[in-house]
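Peer 1: Okay, handing you the structure first.
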Amino acid sequence: MNKSDDNTRAKYKFVHVVRTNCGADDKAFRCVYQEEDDVAKTGVSLSKDLMGIAGLALKTNITKLGPLVLPVTQQLRFFANLVLRKFSNSHMKPYIPNFKLAFNHFCIHAGERVVIDELEKNLELLLVHVEPSRMTLHRFGNTFSSSIYSVWEAIRDVKPSPNGPWKDFIDKYPVEILT
783 MNKSDDNTRA
793 KYKFVHVVRT
803 NCGADDKAFR
813 CVYQEEDDVA
823 KTGVSLSKDL
833 MGIAGLALKT
843 NITKLGPLVL
853 PVTQQLRFFA
863 NLVLRKFSNS
873 HMKPYIPNFK
883 LAFNHFCIHA
893 GERVVIDELE
903 KNLELLLVHV
913 EPSRMTLHRF
923 GNTFSSSIYS
933 VWEAIRDVKP
943 SPNGPWKDFI
953 DKYPVEILT
């Protein structure tokens with residue numbers, strides 16, 4: 783809902799967006815690059831640094847999003863853990879906040895299975911939280927170019943569209959994805 787005239791038709795209210803630009807870092811800037819090859823064919827070059835840079839950008843986004851959405855109790859636990867790790871000699875593990883207390887649903891970037899797997903593991907999500915992303919990746923493939931980190935609030939019940947992209951396939955899902 784970004785126009786006041788549309789508030790009666792809106793399904794969701796935009797609450798937060800977090801954007802991280804890593805383009806000032808040369809490695810990040812060159813990790814996905816369009817260029818010509820030896821025979822003058824234009825293509826996309828992917829650097830071996832891509833996964834590390836993507837992981838760093840994702841960590842930065844989640845770190846920025848946390849204070850905006852996490853309950854105070856989770857923020858206090860995170861801060862207390864940070865202070866203890868800084869001032870004690872113990873090799874204490876960093877506290878990972880429980881993002882399940884902040885969100886009812888997760889829409890994880892469906893670009894690569896490994897991204898979904900890592901977020902599931904690191905945020906301690908359940909299979910039910912990552913299943914929509916896995917099925918989107920299975921059905922539509924890599925959606926890397928359409929990734930954005932945002933928080934939306936449903937402001938009314940939303941009925942499924944009878945003409946949506948899942949209409950002929952939804953009864954076939956979820957599927958077991960063999961790794």
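Going by the working numbering, the letters in the sequence shown line up with residues 783 to 961, in that order. Heads up, the beta-carbon is just placed ideally off N, CA and C, and yes, glycines get one too.
#1: Can you list, in chain order, the stretches of the alpha helix (DSSP H) that have 4 or more residues and sit fully within the segment 800-880?
#2: Does DSSP put Asp950 in a helix, in a strand, or in coil?
#3: Would you kindly report the start and end of the unbroken alpha helix (DSSP H) that includes Thr918?
#4: With 16 as the cutoff for other CB atoms within 10 Å, does Met874 come out buried or exposed?
#5: For Val799, count neighbouring Cβ atoms within 10 angstroms of its own Cβ and tell me buried if that reaches 16, exposed if not.
#6: Are at least three pairs of beta-carbons, each pair with one atom in the segment 839-850 and one in the segment 811-830, less than 8 angstroms apart?
#7: Can you grab the Cα-Cα spacing for the pair Asp939 / Lys793, in whole Å?
#8: Using only CA atoms, which one of Gln856, Glu913 and His891 lies nearest to Asn964?
#9: Which residue marks the beginning of the alpha helix (DSSP H) containing Arg895, and which one marks its end?
#10: Using the Cα positions of Ser927 and Ala862, report the straight-line distance between them to the nearest angstrom.
#11: As a quick exercise: from Leu828, Ser915, Leu840 and Lys809, pick the residue whose alpha carbon is nearest that of Asn904.
Peer 2: Based on what the coordinates show:
#1: 808-812, 832-851 and 854-869
#2: coil
#3: Leu909 to Phe922
#4: exposed
#5: exposed
#6: no
#7: 7 angstroms
#8: The structure shown does not extend to residue 964, since the chain is modelled only from 783 to 961, so the question has no answer here.
#9: Arg895 to Asn904
#10: Its pLDDT being 49, under 50, Ser927 is placed unreliably in this model, and the coordinates cannot settle the point.
#11: Leu840
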